[in-house]
Structure formats: C-alpha cells, structure tokens
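A.B. asks:
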Amino acid sequence: MEAGLGEIPFGIDFHPSKELVAVSLITGNLHLYKYRADDSSLKRCLEFRAHAESCRTVRFINGGQAVATGFKDCSILAADVETGSIIACLENAHENAINSLINHTESTVASGDDEGCIKIWDTRQRS
Numbered sequence: 001m002e003a004g005l006g007e008i009p010f011g012i013d014f015h016p017s018k019e020l021v022a023v024s025l026i027t028g029n030l031h032l033y034k035y036r037a038d039d040s041s042l043k044r045c046l047e048f049r050a051h052a053e054s055c056r057t058v059r060f061i062n063g064g065q066a067v068a069t070g071f072k073d074c075s076i077l078a079a080d081v082e083t084g085s086i087i088a089c090l091e092n093a094h095e096n097a098i099n100s101l102i103n104h105t106e107s108t109v110a111s112g113d114d115e116g117c118i119k120i121w122d123t124r125q126r127s
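Under UniProt numbering, the residues of the sequence shown are numbered 1 to 127, in order.
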C-alpha cells in the first residue's frame, strides 16, 4: 500500500481499533486514510488544514475518537476523527517547537519539544 502525498510527512499513527492511519504534513495539513490490509487499498477519507505552521507529529487519543497534533509554533491541537472539527487548541503549549506526542492511557498524552522539555497532559481537561 502506498499514497503519494506530494508533501513531506512528519508524523504517522495507526488508529487503536479501526483501519485508519493519520499523517501530519510539513504544510500543516492532516490526512486520515482508510486502509484494508486484505486487498492493499488505501483511501483518503479526511483532509484538513490543521495549522499554518508545519504539523510535526500526530497521535490518536481518547480511544481513537480524536487526533492530537503538535506544531512548529509550539501549539497542540485536538480534532474529531469523524468530522475534522477542532475539539481543543493549546496555544503556546511549549516554549519551543513540538516534535513528539505519545499517549500513555486513553486520556493521558505526553509532548516533547526541540529543546528537550516534556509535558504531560490530561485530555479530559481543556488546558
């Protein structure tokens, strides 16, 4: 399976239970693809402009109901997987560009930045 993005992908994550993959791009766009391992098909099901700055990392959160993204401008954005609508936005979440996100539990996410700072977030909170 492959998808010609035409843009540089910075982050990729698999949905925890569905055949979905999320891709964050240098342009600030976020793509979601449905895939079928049994027939090697890959189809874009959602694309939206997540941010003006590069979208450097992406992770499914909240049991796969949302995706969290980290940006060059130090912000973190959460969006609904079905609609692409913004659920939460943490501007200036870090003092430096965010380069990593990982979820520990359904509602606990860690983020890391270019200067080595990590932060832990509870996605049930809005800040």
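C-beta: ideal position from N, C-alpha, C; glycine also.
If you're wondering where the values come from, they're calculated on a predicted model, not measured in any experiment.
(1) Thinking C-beta only, is lysine 119 closer than 7 Å to serine 107?
(2) Is the beta carbon of histidine 15 less than 7 Å from the beta carbon of phenylalanine 60?
(3) Please give me, in chain order, every unbroken run of the beta strand (DSSP E) with length at least 3 that falls completely inside the stretch 20–93.
(4) For isoleucine 87, which residues of its own chain have a beta-carbon under 7 Å away from its beta-carbon, when the five flanking residues on both sides are left out?
(5) For a quick check, are the C-beta atoms of serine 24 and cysteine 45 less than 7 Å apart?
C.D. replies: With the given structure in hand:
(1) no
(2) Yes.
(3) 20–25, 29–36, 41–49, 55–61, 66–71, 76–80 and 86–90
(4) Ala66, Ala78, Ala79 and Asp80
(5) no
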